[in-house]
Amino acid sequence: GAVVSQHPSRVICKSGTSVKIECRSLDFQATTMFWYRQFPKQSLMLMATSNEGSKATYEQGVEKDKFLINHASLTLSTLTVTSAHPEDSSFYICSASPGSGRLNSPLHFGNGTRLTVT
Amino acid sequence: SQQGEEDPQALSIQEGENATMNCSYKTSINNLQWYRQNSGRGLVHLILIRSNEREKHSGRLRVTLDTSKKSSSLLITASRAADTASYFCATLSSFQGAQKLVFGQGTRLTINP
Chain A
1 GAVVSQHPSR VICKSGTSVK IECRSLDFQA TTMFWYRQFP KQSLMLMATS NEGSKATYEQ
61 GVEKDKFLIN HASLTLSTLT VTSAHPEDSS FYICSASPGS GRLNSPLHFG NGTRLTVT
Chain B
1001 SQQGEEDPQA LSIQEGENAT MNCSYKTSIN NLQWYRQNSG RGLVHLILIR SNEREKHSGR
1061 LRVTLDTSKK SSSLLITASR AADTASYFCA TLSSFQGAQK LVFGQGTRLT INP
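Just so you know, the protein sequences line up as chains A and B, in that order.
Numbered according to this note's numbering, the first sequence spans residues 1 to 118.
Numbered according to this note's numbering, the second sequence spans residues 1001 to 1113.
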């Protein structure tokens, strides 16, 4: 149980275009989902906390107008990278917890999206 | 910000040996979690230890937590080639009602057959 599906797994786009990444909790409801970014051989950096039915909470230094997050239902959060630049190329990972937003239980992760901006 | 620091950053051992990875953190925690990541994939939860626990076991995994030293260790016994992966500790932080999981820098473990 507790499966998180992330799509697409890989995407290549041209500079200036926008890319949407979907994160779905398949067998549980998630009022809160988390978006992370990971550079090669580095740790996960929390970008934002996605809250169902309300605005996302962004970490310091993350541009909310560039990384648009929508959490329209209890099973789906989307991250849209707008006007992508080569420096946005990275590995983006979403996660969710079945615990109604409380993190006393483990997070379940999607398999990540490798974004390459040319 | 990342508050967890892991040591070593990379570890290479022979199959069958034990692997020990350490994690230090800076603030008070509710729990500490260990995750594993295979290259280019998402993370898989391994074990969660609560702040009032000192040791926890799961199969070949043993996790310790010393809140006085703000440190934790992950021991993998009788390592296998399939254990090759990156291992991250993560601490749960609460601030103004919001919770988030903050990851350490990770240890890249290589098990040589």
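Glycine included, every Cβ here is placed at the ideal spot set by N, Cα and C.
Please read these numbers as outputs of a predicted model, since none were measured by experiment.
Amino acids of chain C, ordered along the chain, whose beta-carbon sits closer than 7 Å to that of residue i
i                : result
R1041 of chain B : You won't find chain C in this structure, because its protein chains are A and B.
Rounded Cβ spacing between residue i and residue j (contact assumed at less than 8 Å)
i               : j                : result
I977 of chain B : E1015 of chain B : Residue 977 of chain B lies beyond the stretch modelled for chain B, which goes from 1001 to 1113, so this question has no answer here.
S97 of chain A  : A30 of chain A   : 7 Å
DSSP three-state assignment for residue i, whether helix, strand or coil
i                : result
D27 of chain A   : coil
Q1009 of chain B : coil
E1015 of chain B : coil
V3 of chain A    : coil
T1020 of chain B : strand
S1131 of chain B : Residue 1131 of chain B falls outside the range modelled here, since chain B spans only 1001 to 1113, and no answer is possible.
T32 of chain A   : strand
K14 of chain A   : coil
Buried or exposed by the 16-neighbour rule on C-beta atoms within 10 Å, applied to residue i
i                : result
Q1009 of chain B : exposed
Q1037 of chain B : buried
R1054 of chain B : exposed
P1113 of chain B : exposed
G1042 of chain B : buried
Q60 of chain A   : exposed
P106 of chain A  : buried
T17 of chain A   : exposed
T113 of chain A  : buried
A1085 of chain B : buried
query = Where are the beta strand (DSSP E) runs, 3 residues long or more, that stay fully inside the segment 39 to 115 of chain A, in chain order?
reply = 44 to 51, 67 to 73, 76 to 81, 90 to 96
ask   = Whole beta strand (DSSP E) runs in the segment 1022 to 1066 of chain B with 3 or more residues, listed along the chain?
value = 1031 to 1037, 1043 to 1050, 1055 to 1058, 1061 to 1066
request  = Let me know the beta strand (DSSP E) ranges lying completely inside the segment 1074 to 1110 of chain B, each 3 residues or longer, listed in chain order.
outcome  = 1085 to 1095, 1098 to 1103
inquiry  = Any contact between the segment 6 to 17 of chain A and the segment 64 to 72 of chain A? By contact I mean 3 or more CB pairs, one from each, below 8 Å.
reply    = no
query = So does the segment 34 to 42 of chain A actually touch the segment 1098 to 1109 of chain B, counting three or more Cβ pairs closer than 8 Å?
reply = yes
query = Counting Cβ pairs closer than 8 Å, one from the segment 18 to 35 of chain A and one from the segment 46 to 55 of chain A, do we hit at least three?
reply = yes
message = Would you call the segment 1017 to 1028 of chain B in contact with the segment 1074 to 1091 of chain B, where contact means no fewer than 3 C-beta pairs closer than 8 Å?
response = yes
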